[in-house]
Amino acid sequence: MAGEERVGQAVDLRSAAVEPGQLSTALADPSAEWIDAPAPTPPHDAVGLLQPGMELDLRTALAAAGRSLGLVAPQAAEITRLDREIASIEPNSPDLRAARHRAAEAGADVAALEEQVARTSGRLAARREADLPTEAVQAKLDDLTRKLTEAETEQIAAQEALEQAEAAAQAARDARARRLSLVDRRENRRREARAWFLDALAEPFERALASLPGDVAPTPPVGFDGPTLTGALAVARIADLSTPVVLVDGPFQTAVEARAALDAPVVLASV
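Numbering (my numbering), first residue to last: 2 to 272.
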């Protein structure tokens, strides 16, 4: 802003070369070096940048406004409990592929060695019947028998590991299903909480609409179908806003007028 310092709760920057979105982001960023403002309250995410055609989830915005005023929905405690429970569930899926491969490989090794032991045992018996030397064949059979014992031990261990991995995989699936169920329940409670705020702030919302310039008839939020900017202005008037809102092409002639109408710090900007 050409080195010019602007101070106050009603600032007009419509003639300054500053982009409204950038300004709104900087106002909410404690680390911004070129601007100094109080930390934002929850409603700032919804109504920190006010402009025609803006997106507005009125239920979410009013819920944030209500919380900024200290209102607590009846569902808040359960939502907090569900948040903790969901965060505590961390399904850890084992590597079933590796466990299955190990078990299959161990089984194949045992089968191959059993065949070799049987074949070598037959050769040993035949040599004995023929009264031929058996030392070399016996040594080979002893070695194969030892390897078979080791392979059978590995097969047992691999099968146990596979069973443990399958049990862990089932537990992980159960945990994921439990987590999804809790997430669904939390979302239901959140919807109920937003509906509660919608009802609790219905009258303040109508009064806020009535206080704003324009021809939008005061209506409760559940039936509001006016411009999103108008709805957002009403929410801004209701909410406890510490960080200035950025208003673009609003219905106010001056920043002072906007500050008084919204009962919140305001910066006027233009695109």
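A virtual CB, placed ideally from N, CA and C, is assigned to each residue, including glycine. Source: prediction; values computed, not measured.
V246: member of the beta strand (DSSP E) spanning V246 to V249, first to last residue. Taken through DSSP and simplified to helix, strand or coil, L269 comes out as strand. Straight-line spacing of the CA atoms in R195 and I36 works out to 33 Å.
With respect to R238, S212 sits close: the two C-beta atoms are nearer than 9 Å.
Within a 10 Å sphere around the beta-carbon of V236 sit 16 or more other beta-carbons, which makes this residue buried.
The segment 102-122 makes no contact with the segment 73-86; the number of CB pairs closer than 8 Å stays below 3.
The three-state reading of DSSP puts V118 in helix, counting H, G and I together. Taking a C-beta distance under 9 Å as the contact criterion, I90 and A27 do not qualify as a contact pair. No Cβ-Cβ contact shorter than 9 Å links S16 with L50. For R147, the number of other beta carbons within 10 angstroms of its own is below 16, and it is reported as exposed. Per DSSP, the continuous beta strand (DSSP E) segment holding A11 begins and ends at A11 to D13. Burial check for P75: the Cβ neighbour count within 10 Å stays below 16, so the residue is exposed.
Within the model, the alpha-carbon separation for S94 versus I87 is close to 17 Å. Remark: C-beta atoms of A256 and L234 do not approach each other more closely than 9 Å. At the C-beta level, R260 and P252 stay beyond 9 Å of one another. The segment 133-141 makes no contact with the segment 99-116; the number of CB pairs closer than 8 Å stays below 3.
The Cβ-Cβ distance between A162 and V111 does not fall below 9 Å. Assignment of L145 by DSSP, reduced to helix, strand and coil, places it in the helix class. In the DSSP assignment, L50 is bridged to V247.
Between H45 and L63, the alpha-carbon positions lie close to 11 Å from each other. The beta carbon of A169 is closer than 6 Å to those of P95 in its chain, skipping five residues each way along the sequence.
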